[in-house]
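Inspection log for the structure reproduced underneath, given as structure tokens.
In full-length UniProt numbering, the protein residues as written are 1 to 212.
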């Protein structure tokens, strides 16, 4: 992950030199600071990796002109689902609505994923779905969840290599709280994780703290 950093005085001075003289070679930067090229190598590597400088072979270093905010935004765009997904809470499509309600509160989640007998994703149940069912006159202990769940293909989902920012947009656009992380197989989608608004919030807060 690319990170912005707390720059040292020498690194700030290197940026000033590159801004004023770029493109400029590492040797010429070292001369202006009265230091050896070897001494500057770690600083130049850090500034390049962090995105402040761009290096081109046989040309030298350029100042990218990117602010800390821009670099933070770029870092956010590189986060993927697999680094922040959590364990999914899954029920079989034949369990009762009552059992699903018990599960959702015992596990303290807002959404459970429903799978068929082959362990493939069949549906999604939210607290709202379960509340709506409990307000009716049905017998919850005999009503199967497959009657009230959101079914395929109307399920928003993601894969482990998807960008976190793209999934965040899906959650906003569809106004839902969680999506299943799936792995596509020849016969369906296997649920391998879940990604929630809380996961995404924690990821962005952690990144901001690291960047700061």
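A virtual CB, placed ideally from N, CA and C, is assigned to each residue, including glycine.
Just so you know, the alpha carbons of residue 163 and residue 24 end up roughly 35 Å apart. Pairing residue 195 with residue 178 gives a Cβ-Cβ distance under 9 Å. A residue is called buried when at least 16 other Cβ atoms come within 10 angstroms of its Cβ; residue 11 meets this threshold and is buried. If you check the CB distance, residue 192 and residue 42 do not come in under 9 Å. In the DSSP assignment, residue 134 falls within the unbroken alpha helix (DSSP H) covering 127-134.
Per the Cβ contact rule, the region 115-127 is not in contact with the region 37-54 (fewer than 3 Cβ pairs under 8 Å).
Per DSSP, residue 16 is one residue of the alpha helix (DSSP H) stretching across 9-21. With 16 or more other Cβ atoms inside 10 Å of its own Cβ, residue 79 counts as buried. When Cβ pairs closer than 8 Å are counted between the two stretches, the region 170-187 is seen not to touch the region 132-141, the count staying below three.
Runs of the beta strand (DSSP E) spanning 3 or more residues and lying entirely within the region 125-207 occur at 178-185 and 188-196, in chain order.
Restricting attention to 66, 59 and 127, the CA atom closest to the CA of residue 109 is found in 127.
Sixteen is the threshold: since fewer than 16 other Cβ atoms of the shown chains lie within 10 Å of the Cβ of residue 102, the residue is exposed. In this structure residue 148 is in contact with residue 97, their Cβ atoms being roughly 6 Å apart against a cut-off of 8 Å. Per DSSP, residue 105 is one residue of the alpha helix (DSSP H) stretching across 97-106. Note on geometry: alpha-carbon atoms of residue 62 and residue 189 lie some 47 Å from one another. Residue environment analysis places residue 85 among the buried positions, since at least 16 neighbouring C-beta atoms fall within 10 angstroms of its C-beta. Contact annotation: the region 12-23 touches the region 47-62, with at least three C-beta pairs closer than 8 Å.
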